[in-house]
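Report on the structure given below.
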């Protein structure tokens, strides 16, 4: 459950650092600390995918 | 539904209610005016005309007495005879016109009796007049023929006027009751609609204020980074829900920051 959300945080963290992780939390409203307990529903996965795409497009700042 | 949509709908509803009330009150006003117009055009006008006939009949009898008193003078005889016939014609035409207008069966019957009695009285007056002229202003002989004959038609017409007066009173009372009913209905409907709009407006505002106050409490805690045990419960699909979702993002970002800082501290230790 939600294990793959942690991988999104890892990816964004490696690419954009702390700012990237914070922006991912801001956009998804799911922090990494609770990512493992969140339901990996298609809606949540889409939310993370879109957030990652946006961060990559606009940067973390 | 969005708050802006709710408020727009509420505004349109208030406008619609006021438009409906305006139309309704105008219709009630027209109905009351039409009712009083009908009252003035029918029973009130009829009783006015009846009183004119009543006065004309009394004038006709007066003219007859003038003939008897002053008809010895040929000039006066001509004048009073002419005036007598003028009044007689006015009474007959007035009574017939009234008979044609009146719809109340009892009044029509009384008027019919009066018209017949008046015609019969006219014949008696003619006989008396002939006797008066033939007797060289013999008023005693003439009066003997018609004496007391004008009483029954007079009483009949007084009854007609009383009957019409009663009908006018009934019509006025019915119209007043109708106007009161219309006024009460208008007040009831207007009051009900305004109360309904008031309740809807109150519930709408209370809902918005209540949800905003909850979000403000969340915002206050986020401003102090006091997120321990903080949960943001977002319901609905309106602007407040969107605001709540933004708050959730901020909450998550603060949680992430605190998580990272605690992880970093642990690594350093």
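Residue numbers (my numbering), protein chains in the order written: chain A, 135 to 195; chain B, 70 to 338. Every residue, glycine too, gets a C-beta built ideally from N, C-alpha and C. All of these numbers come straight from a predicted model, not from anything done at the bench.
Below-9 Å beta-carbon distance, residue i vs any chain A residue
i	result
residue 311 of chain B	no
residue 325 of chain B	yes
residue 298 of chain B	no
residue 270 of chain B	no
Beta-carbon contacts of residue i that lie in its chain and below 7 Å, excluding the five residues immediately before and after
i	result
residue 185 of chain A	158, 161, 162
residue 221 of chain B	186
residue 156 of chain B	125, 128, 129, 132
residue 119 of chain B	167, 229, 230, 233
residue 147 of chain A	154, 155
residue 314 of chain B	303
residue 181 of chain A	162
residue 270 of chain B	79
residue 142 of chain A	158, 182, 186
residue 319 of chain B	291
residue 294 of chain B	323
Any C-beta of chain B under 9 Å from that of residue i
i	result
residue 145 of chain A	no
Beta-carbon neighbours of residue i, restricted to chain B and to distances below 8 Å
i	result
residue 164 of chain A	321
residue 167 of chain A	324, 325, 328
CB of residue i within 9 Å of CB of residue j, strictly
i	j	result
residue 86 of chain B	residue 266 of chain B	yes
residue 77 of chain B	residue 164 of chain A	no
residue 141 of chain B	residue 185 of chain B	no
residue 171 of chain B	residue 115 of chain B	yes
residue 312 of chain B	residue 284 of chain B	yes
residue 112 of chain B	residue 247 of chain B	no
residue 138 of chain A	residue 174 of chain A	yes
residue 106 of chain B	residue 259 of chain B	no
residue 196 of chain B	residue 108 of chain B	no
residue 236 of chain B	residue 183 of chain B	no
residue 333 of chain B	residue 167 of chain A	no
residue 177 of chain A	residue 140 of chain A	no
residue 296 of chain B	residue 327 of chain B	yes
residue 163 of chain B	residue 101 of chain B	no
residue 200 of chain B	residue 214 of chain B	yes
residue 89 of chain B	residue 262 of chain B	yes
residue 257 of chain B	residue 280 of chain B	no
Neighbourhood of residue i by C-beta distance below 6 Å, restricted to the same chain and skipping five residues each side
i	result
residue 139 of chain B	145
residue 97 of chain B	251, 255
residue 218 of chain B	190, 193
residue 287 of chain B	301, 316
residue 81 of chain B	none
residue 299 of chain B	290
Chain-ordered chain A contacts of residue i [CB-CB under 7 Å]
i	result
residue 329 of chain B	152, 155
Under 9 Å from the C-beta of residue i: neighbouring residues of chain A
i	result
residue 318 of chain B	159, 160, 161, 162, 163
residue 314 of chain B	163
Cutoff 8 Å; reference residue i; Cβ partners in own chain excluding five residues on either side
i	result
residue 188 of chain A	161
residue 198 of chain B	136, 150, 211
residue 75 of chain B	273, 307
residue 72 of chain B	277, 307, 308, 309
residue 193 of chain A	150
residue 181 of chain B	168
CB contact check: residue i to chain D, cutoff 9 Å
i	result
residue 184 of chain A	The chain inventory of the structure shown lacks chain D, comprising the protein chains A and B.
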